[in-house]
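*Asks:*
In this note's numbering, the protein residues as written are 2 to 218.
1) Quick check on the burial criterion: 16 or more other C-beta atoms within 10 angstroms. Buried or exposed for residue 100?
2) Please identify the residue among 162, 165 and 126 whose C-alpha is closest to the C-alpha of residue 88.
3) Where do the ends of the beta strand (DSSP E) carrying residue 144 lie?
4) Report the residue from 41, 156 and 31 whose alpha carbon sits nearest the alpha carbon of residue 140.
5) Can you list the beta strand (DSSP E) stretches of 3 or more residues lying completely in the stretch 95-136, in chain order?
6) To the nearest angstrom, report how far apart residue 36 and residue 95 are at their CA atoms.
7) Buried or exposed: residue 213, going by 16 or more other Cβ atoms within 10 Å of its Cβ?
8) Under 6 Å Cβ to Cβ from residue 137, same chain only, skipping five residues before and after it: list those, please.
9) If you drop the 5 nearest sequence neighbours on each side, which residues of the same chain put their C-beta closer than 7 Å to that of residue 28?
10) Helix, strand or coil: which one does DSSP assign to residue 211?
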């Protein structure tokens, strides 16, 4: 059985390990949420896409995605993408997404992905990305780019989304549901977790000190 202080340390480390990055952004009625699974994998959830407004209203497929600020990608050797939609193949470049797709000439250091065929939109599309290679460290802050299409065309419909995603710990209203959280739930800050751990340690230590030996009969 773990001793009290060892138990506190284990709980604290567990809290730290679960505090992966989560970011959200919304545009034209569509909600996007990023959830970091571990050092080299993450999910992107796209919700309410079939109810998009503005110049996305006619879009029915996802053709392009791009991420900036993921962290070092110098050793990237491959990416696997899975989703809750029909199977598709994704290709990637360390480059920029613009109105024509993944530009071969851009030098932004961003990660641009294109699907073949395009992914049919739904009101709850979940994509899981596993990055392969060395020197990969997802650390944010994150900038997201999205290119919606119509049918299997490579022409981007409406505006090309290009927006910074907001950390959920900074979200105070209208927070988007992230894959492992309830609506509006915010991740605990590392500082608050440390204070909770110290408070619990102090409580247990106080109880231990308060146990005096019984008087001899």
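Note that CB positions come from ideal geometry on N, CA and C, so glycine has one too. The structure displayed is predicted, hence computed values, not measured ones.
*Replies:* On the basis of the data shown:
1) Taking the first residue of the chain shown as position 1, residue 100 is located at position 99. The residue is exposed, with fewer than 16 neighbouring Cβ atoms inside 10 Å.
2) On the chain shown, residue 88 is found 87 positions in, with the first residue counted as 1. Ranking 162, 165 and 126 by Cα distance to residue 88 puts 126 first.
3) Position 143 of the chain shown holds residue 144. First-last of the beta strand (DSSP E) with residue 144: 144-150.
4) As a first step, residue 140 is located in the chain shown; it is residue number 139 there, counting from the start. The shortest C-alpha separation from residue 140 is found at 41.
5) 112-121 and 125-135
6) Locating residue 36 in the chain shown gives position 35, counting from the first residue. Locating residue 95 in the chain shown gives position 94, counting from the first residue. Rounded to the nearest angstrom, the two C-alpha atoms are 21 Å apart.
7) On the chain shown, position 212 is the one that residue 213 refers to. Confidence is the limiting factor: at residue 213 the pLDDT is only 42, short of 50, which leaves the residue's position unreliable, though a coordinate-based value still follows. Exposed is the call here.
8) The residue labelled residue 137 in the question sits at position 136 within the chain shown. Closer than 6 Å at Cβ, skipping near neighbours: 41.
9) The residue you call residue 28 lines up with position 27 of the chain shown. So the list reads 162 and 164, once near-sequence residues are dropped.
10) Taking the first residue of the chain shown as position 1, residue 211 is located at position 210. With a pLDDT of 46 at residue 211, under the threshold of 50, the predicted position of this residue should be treated as unreliable, and no value is reported.
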